[in-house]
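Enquirer: Numbering (our numbering), first residue to last: 26 to 302.
Cβ coordinates follow ideal geometry from the N, Cα and C atoms, glycine included.
This is the structure I want to talk about, given as structure tokens.
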């Protein structure tokens, strides 16, 4: 795909979402070189539709001046998601080139109260588009530059959270299936602005150790680890509720202990009866 090719430009302009899916498969340096040559009006819709991790990786290899222009044209939520994933040095370099207004809007979007869930979130989250096949998803997982977590979150064309699929299920699914057909829609999302002290009893912890964090428009911005939440609340002096998994294990232990005692009593009575006879 070349910037001076009319067919390439036509495809990028008419089908930015499909183009984003194609470019996500290519090497970062090749995609960055393409964006460096394209006009901002063509590249911005495509970058907006790309997975934030891929977009941020391309930004690192692009001309800072070009990145600043694109960031100015991107919707603020998209710009903030990409900016969050950049290294601190790159953020600092880019911040100097952005207008005061754009920088202020991005900072305001990223700034969460210290007591909110957003202040604790981990921005490194594994995302995949809902319309790709299992075979394509497995290739992306195999080529990932970091160990992929068990939970892979599925997003739609506007980066909104629509489902989750476990890596194990992905491995055993039919390769021609689409992710939207095998994913679970029970994601247990948490709003980034919620007070973290209210979350220890969230029902999602019974099933998962990490839960997705979303903005008010349901775009995923990161994940929250249960252990991180417990550590934070312990540091702030908030009483922490028992771990729900520990509760389940305790109940299971109680069940087996009770069953063992019941069997022991029955066997003891049987032995007594035989002795009487």
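Output needed for residue 87: all residues of its chain with C-beta closer than 7 angstroms, excluding positions within five of it in sequence on either side, in chain order.
Expert: The residues are 57, 60 and 61.
Enquirer: Between residue 122 and residue 93, is the Cβ-Cβ spacing less than 9 angstroms?
Expert: Going by C-beta atoms, residue 122 is nearer than 9 angstroms to residue 93.
Enquirer: In whole angstroms, give me the CA-to-CA distance for residue 44 and residue 166.
Expert: Approximately 20 angstroms, taken between the alpha carbons.
Enquirer: Bridge partners of residue 237, per DSSP?
Expert: DSSP output for residue 237 lists 248 as bridge partner(s).
Enquirer: What's the call for residue 235, buried or exposed, on a 16-neighbour Cβ count within 10 Å?
Expert: Buried is the call here.
Enquirer: Let me see if you follow: with CB-CB separation under 9 angstroms, is residue 108 close to chain B or not?
Expert: Looking at the structure shown, chain B is missing, and only one protein chain is on hand.
Enquirer: Rounding to the nearest angstrom, what Cα-Cα distance links residue 249 and residue 33 in this structure?
Expert: Computed Cα separation, rounded: 40 angstroms.
Enquirer: Answer yes if the segment 237 to 255 comes into contact with the segment 211 to 222, meaning at least three C-beta pairs across the two stretches below 8 angstroms, and no otherwise.
Expert: Counting Cβ pairs under 8 angstroms, three or more are found: they touch.
Enquirer: Classify residue 54 as helix, strand or coil using the three-state DSSP reduction.
Expert: Three-state result, residue 54: helix.
Enquirer: Let me know the secondary structure DSSP gives residue 77 once reduced to three states.
Expert: If DSSP states are grouped into helix, strand and coil, residue 77 belongs with the helices.
Enquirer: Residue 110 by DSSP, collapsed to three states: which one?
Expert: If DSSP states are grouped into helix, strand and coil, residue 110 belongs with the helices.
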